[in-house]
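**Q**
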Amino acid sequence: MNKFLSELAKNLDPYTPGEQPKDKKYIKLNTNESPYGPSPKVLEAIKTQATEDLRLYPDPESTVLIKAASDFYKLPEEMIFAGNGSDEVLAFAFAAFYSGKKLVFPEVTYSFYPVYCNLFDVDYIEIPMGENLSIDTSLMKSASCGVVFPNPNAPTGEMIDLDMIRAILESNTDSVVLVDEAYIDFGGISCSQLVKEYENLLVVQTFSKSRSLAGMRIGLAFGSVQLIEGLNRVKNSFNSYPLDRLAQYAGVAALEDNEYYVKMQSKIIKTRKETITELERMGFGILNSYANFIFVSHSMVQAEDIYKKLKENNVLVRYFKKPGIDNYVRITIGTDDQMKILFQNLEKILKG
Ligand SMILES: *Cc1c(COP(=O)(O)O)cnc(C)c1O
Numbered sequence: 002m003n004k005f006l007s008e009l010a011k012n013l014d015p016y017t018p019g020e021q022p023k024d025k026k027y028i029k030l031n032t033n034e035s036p037y038g039p040s041p042k043v044l045e046a047i048k049t050q051a052t053e054d055l056r057l058y059p060d061p062e063s064t065v066l067i068k069a070a071s072d073f074y075k076l077p078e079e080m081i082f083a084g085n086g087s088d089e090v091l092a093f094a095f096a097a098f099y100s101g102k103k104l105v106f107p108e109v110t111y112s113f114y115p116v117y118c119n120l121f122d123v124d125y126i127e128i129p130m131g132e133n134l135s136i137d138t139s140l141m142k143s144a145s146c147g148v149v150f151p152n153p154n155a156p157t158g159e160m161i162d163l164d165m166i167r168a169i170l171e172s173n174t175d176s177v178v179l180v181d182e183a184y185i186d187f188g189g190i191s192c193s194q195l196v197k198e199y200e201n202l203l204v205v206q207t208f209s210k211s212r213s214l215a216g217m218r219i220g221l222a223f224g225s226v227q228l229i230e231g232l233n234r235v236k237n238s239f240n241s242y243p244l245d246r247l248a249q250y251a252g253v254a255a256l257e258d259n260e261y262y263v264k265m266q267s268k269i270i271k272t273r274k275e276t277i278t279e280l281e282r283m284g285f286g287i288l289n290s291y292a293n294f295i296f297v298s299h300s301m302v303q304a305e306d307i308y309k310k311l312k313e314n315n316v317l318v319r320y321f322k323k324p325g326i327d328n329y330v331r332i333t334i335g336t337d338d339q340m341k342i343l344f345q346n347l348e349k350i351l352k353g
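Right under this line is the structure:
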């Protein structure tokens with residue numbers, strides 16, 4: 002044991018991110034990044050901001066980005082928060098609203114949630130999955146405590162509709178319900194407008210997936226003035242300058258060139274559809290997905306074998322060695338060319 006660790010650090014159980022190989026030989030279908038680059042206007046904005054002014058601290062409030070988000074999402078500025086990637090926003094939310102309290106989330110979900118619970122001393126319960134790894138919404142309704150879930154869920158891709166989200170909000174009015182919309186732009190319906198009706202709703206989004214900016218680290222949250230104030234309390238107790246100057250302006254440019262991103266998102270949705278058809282033809286079982294990934298299994302070949310054999314052939318997908326989902330692989334939707342290479346490799350693997 003490392004004798005230098007504090008009690009806090011000793012008890013941490015850190016998140017394991019998907020592999021980020023240093024060489025470029027792999028087709029990366031493992032961490033749900035976009036296969037398409039960011040809008041050219043975003044790259045231009047970053048270059049314009051790369052000046053001597055970088056010697057100065059950035060605006061601690063990310064005012065330009067909050068303003069642009071306010072126009073884009075049609076929400077008042079005081080109902081918006083910006084953070085250094087949505088993981089940071091989530092961490093602040095867990096600290097602000099759940100530390101020392103009770104929280105529920107689905108058993109099969111984003112694996113960072115239990116990590117934050119451990120860090121911030123949150124007493125959490127995992128809700129067992131229903132049929133086909135679906136979320137048991139009735140147990141979220143009857144929780145009477147904090148509730149967190151991604152919508153669409155990760156790694157399953159399932160979408161919960163707005164009526165159900167309203168029902169969950171209405172039966173947990175004294176606790177914060179956090180909806181993590183990391184994948185909302187791939188065909189889902191956002192509940193961001195509901196923050197005007199429900200003071201206990203916090204919606205978190207990211208620019209990492211649908212806006213091709215994982216390398217930039219931009220996350221947003223939408224919520225009542227009370228909830229945004231809670232996030233700011235934690236932020237200003239941790240790091241008052243979370244978004245750097247380049248990220249703030251990249252975020253603005255990304256919102257201003259939404260047209261570009263809608264095109265890329267539609268392309269990914271089309272490729273998802275075609276990929277599902279092709280994999281079903283090969284005999285894969287595929288969960289219905291509203292995200293830029295699919296969660297698949299095959300009755301003839303173990304998922305771990307599929308993962309390993311694909312990796313040997315330079316195709317990376319995500320495999321979770323966790324009971325209940327250890328016979329699935331999660332495949333990020335890439336370009337059509339990348340999917341073709343995936344199909345060829347899967348055909349070979351199935352032939353044995
Ligand atoms: C990718 C992902 C995030 C993290 O996004 P960043 O903004 O890159 O930190 C959060 N939640 C879910 C469910 C994700 O899949």
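The sequence shown begins at 2 in our numbering and counts up one residue at a time.
C-beta atoms are modelled at their ideal positions from N, C-alpha and C, and glycine is treated no differently.
Here the structure is a predicted model, which means the values were calculated and not measured.
Please classify Ser298: does DSSP put it in a helix, a strand, or coil?
**A** Residue numbering aside, residue 298 sits at position 297 when the sequence shown is read from its first letter. In this structure, Ser298 counts as strand in the three-state DSSP scheme.
**Q** In terms of residues, what are the limits of the beta strand (DSSP E) holding Pro107?
**A** As a first step, residue 107 must be located in the sequence shown, where it is residue number 106. Here the beta strand (DSSP E) through Pro107 covers 103-107.
**Q** Give the single residue among Met160, Leu170, Ile161 whose Cα lies nearest to the Cα of Cys146.
**A** On the sequence shown, residue 146 is found 145 positions in, with the first residue counted as 1. Measuring from the Cα of Cys146, the nearest candidate turns out to be Leu170.
**Q** Thinking C-alpha only, which one of Val318, Asn314, Leu104, Tyr291 is nearest Ala304?
**A** In the sequence shown, the residue the question calls residue 304 occupies position 303. If we check each option's Cα against that of Ala304, Val318 comes out closest.
**Q** At a threshold of 7 Å, does Asp181 count as lining ligand 2 (C-beta to nearest heavy atom)?
**A** Here the bound small molecules are ligand 1; ligand 2 is not part of this structure.
**Q** Assuming Phe344 is part of the alpha helix (DSSP H), what are its boundary residues?
**A** As a position in the sequence shown, residue 344 is number 343, starting the count at 1. That run of the alpha helix (DSSP H) goes 337-352.
**Q** Is Thr157 a contact residue of ligand 1, with contact defined as CB to any heavy atom under 7 Å?
**A** Residue mapping note: residue 157 aligns to position 156 of the sequence shown, counting from 1. It does not: the Cβ of Thr157 is nowhere closer than 7 Å to a heavy atom of ligand 1.
**Q** So Thr336 packs on Pro36, CB below 8 Å; how close in whole Å?
**A** What you label residue 336 is simply residue 335 of the sequence shown in a count that begins at 1. What you label residue 36 is simply residue 35 of the sequence shown in a count that begins at 1. Yes, they are in contact, since the Cβ atoms of Thr336 and Pro36 sit about 5 Å apart, within 8 Å.
**Q** Would you tell me roughly how many angstroms separate the C-alpha atoms of Pro324 and Thr17, rounded to the nearest one?
**A** Looking up residue 324 in the sequence shown gives position 323. Looking up residue 17 in the sequence shown gives position 16. About 17 Å.
**Q** Relative to the C-alpha of Gln21, which candidate in Thr138, Ile350, Asn315, Glu182 has its C-alpha closest?
**A** Within the sequence shown, residue 21 is the residue found at index 20, counting from 1. Of Thr138, Ile350, Asn315, Glu182, the residue nearest in Cα terms is Asn315.
**Q** Leaving aside the five residues before and after Val65 along the sequence, list all residues of the same chain whose C-beta is less than 6 Å from its C-beta, in chain order.
**A** To locate residue 65, count along the sequence shown from 1; it is residue 64. Hits under 6 Å: Gln249, Val253.
**Q** Identify the continuous alpha helix (DSSP H) that holds Thr64 and give its terminal residues.
**A** To locate residue 64, count along the sequence shown from 1; it is residue 63. 64-74 is the extent of the alpha helix (DSSP H) around Thr64.
**Q** Rounding to the nearest angstrom, what Cα-Cα distance links Val297 and Pro156 in this structure?
**A** As a working note, residue 297 is residue 296 in the sequence shown. As a working note, residue 156 is residue 155 in the sequence shown. Those two C-alpha atoms are separated by around 10 Å.
**Q** Taking Cβ positions, are Val204 and Gly224 nearer each other than 8 Å?
**A** Locating residue 204 in the sequence shown gives position 203, where the first residue counts as 1. Locating residue 224 in the sequence shown gives position 223, where the first residue counts as 1. Against a cut-off of 8 Å, the Cβ pair of Gly224 and Val204 comes out as a contact.
**Q** State the DSSP-derived secondary structure class of Lys25, mapped to helix, strand or coil.
**A** In the sequence shown, residue 25 corresponds to position 24, counting from 1. DSSP places Lys25 in coil when its eight states are reduced to three.
**Q** What span of residues does the alpha helix (DSSP H) with Ala248 cover, start to end?
**A** Position 247 of the sequence shown holds residue 248. Taken as a continuous stretch (DSSP letters only), the alpha helix (DSSP H) holding Ala248 covers 246-257.
**Q** Flag Asp88 as yes when its Cβ comes closer than 7 Å to any non-hydrogen atom of ligand 1, and as no otherwise.
**A** For the purposes of this step, residue 88 is identified with residue 87 of the sequence shown, where counting begins at 1. Correct: Asp88 has its Cβ closer than 7 Å to ligand 1.
**Q** If you follow the beta strand (DSSP E) that Asp306 is part of, which residue opens it and which one closes it?
**A** Sequence index remark: in the sequence shown, residue 306 carries index 305 (1-based). From DSSP, Asp306 is part of no beta strand (DSSP E) but of the alpha helix (DSSP H) over 304-313.
**Q** Check whether the Cβ of Leu221 lies closer than 7 Å to any heavy atom of ligand 1, and answer yes or no.
**A** Indexing the sequence shown from 1 puts residue 221 at position 220. No; taking the cut-off as 7 Å, the Cβ of Leu221 has no heavy atom of ligand 1 nearer than that.
**Q** Three or more beta-carbon pairs under 8 Å between the stretch 149-164 and the stretch 336-347, yes or no?
**A** The stretch 149-164, when compared against the stretch 336-347, does not touch it at the 8 Å Cβ threshold.
**Q** For Val147, write down the residues that DSSP places opposite it in a beta bridge.
**A** By one-based count along the sequence shown, residue 147 stands at place 146. First, the amino acid is wrong: residue 147 is Gly here, not Val. Per DSSP, Leu104.
**Q** Please identify the residue among Asp124, Pro77, Glu89 whose C-alpha is closest to the C-alpha of Lys102.
**A** Locating residue 102 in the sequence shown gives position 101, counting from the first residue. Of the listed residues, the one whose Cα sits closest to Lys102 is Asp124.
**Q** Ordered along the chain, which non-local residues of its own chain (more than five positions away) have a Cβ less than 7 Å from that of Phe187?
**A** Looking up residue 187 in the sequence shown gives position 186. Excluding positions up to five away in sequence, the list reads Ser211, Gln266, Ile269, Ile270, Tyr291, Ala292, Asn293.
**Q** Asp54 and Arg246 look like a contact to me (Cβ under 8 Å); what is the Cβ gap, rounded to whole Å?
**A** As a working mapping, residue 54 is identified with position 53 in the sequence shown. As a working mapping, residue 246 is identified with position 245 in the sequence shown. Right, their Cβ atoms sit about 7 Å apart.
**Q** For Thr207, which residues does DSSP report across the bridge?
**A** Along the sequence shown, read from residue 1 onward, the residue named residue 207 stands at position 206. Thr207 pairs with Gly220.
**Q** From Lys68 to Asn259, what does the alpha carbon distance come to, in whole angstroms?
**A** Translated into positions along the sequence shown, residue 68 becomes position 67. Translated into positions along the sequence shown, residue 259 becomes position 258. Each residue's Cα considered, the two are about 15 Å apart.
**Q** Can Asn152 and Glu182 be called in contact, C-beta distance under 8 Å?
**A** Along the sequence shown, one-based indexing puts residue 152 at 151. Along the sequence shown, one-based indexing puts residue 182 at 181. Closer than 8 Å, so yes.
**Q** Classify Gln227 as buried or exposed, calling it buried when 16 or more other Cβ atoms lie within 10 Å of its own Cβ.
**A** The residue you call residue 227 lines up with position 226 of the sequence shown. So Gln227 counts as exposed.
**Q** Apart from the five residues on each side of it in sequence, which residues of its chain come closer than 6 Å, Cβ to Cβ, to Gln206?
**A** What you label residue 206 is simply residue 205 of the sequence shown in a count that begins at 1. Only Glu182, Leu221 meet the Cβ criterion.
**Q** Exposed or buried, Thr174, counting other C-beta atoms within 10 Å across all chains shown (16 or more means buried)?
**A** Taking the sequence shown and counting its residues from 1, one reaches residue 174 at position 173. Its Cβ having fewer than 16 others within 10 Å, Thr174 is exposed.
**Q** Would you say Asp213 and Pro39 are within 8 Å of each other, going by their C-beta atoms?
**A** Translated into the one-based positions of the sequence shown, residue 213 becomes position 212. Translated into the one-based positions of the sequence shown, residue 39 becomes position 38. According to the sequence as given, residue 213 is Ser; it is not Asp. Yes, they are a contact pair.
**Q** Between Ala97 and Gly231, how many whole angstroms is the CB-CB distance? I'm expecting something under 8 Å.
**A** Along the sequence shown, read from residue 1 onward, the residue named residue 97 stands at position 96. Along the sequence shown, read from residue 1 onward, the residue named residue 231 stands at position 230. Contact flag correct, Cβ pair sits at about 4 Å.
**Q** Could you check the C-alpha separation between Tyr261 and Val43 for me, to the nearest Å?
**A** Locating residue 261 in the sequence shown gives position 260, counting from the first residue. Locating residue 43 in the sequence shown gives position 42, counting from the first residue. Cα to Cα, Tyr261 sits roughly 11 Å from Val43.
**Q** Along the chain, where does the beta strand (DSSP E) containing Tyr320 start, and where does it finish?
**A** For this step, residue 320 is matched to residue 319 along the sequence shown. Residues 316-320.
**Q** For the beta strand (DSSP E) that Phe82 lies in, which residues bound it at each end?
**A** Sequence index remark: in the sequence shown, residue 82 carries index 81 (1-based). Start and end: 81-84.
**Q** Just to check my reading of the structure: Leu163 and Leu288 have Cβ atoms closer than 8 Å, yes? What is that Cβ distance to the nearest angstrom?
**A** Mapped onto the sequence shown, residue 163 falls at position 162. Mapped onto the sequence shown, residue 288 falls at position 287. Going by Cβ atoms, the distance from Leu163 to Leu288 rounds to 21 Å, so no, they are not a contact pair.
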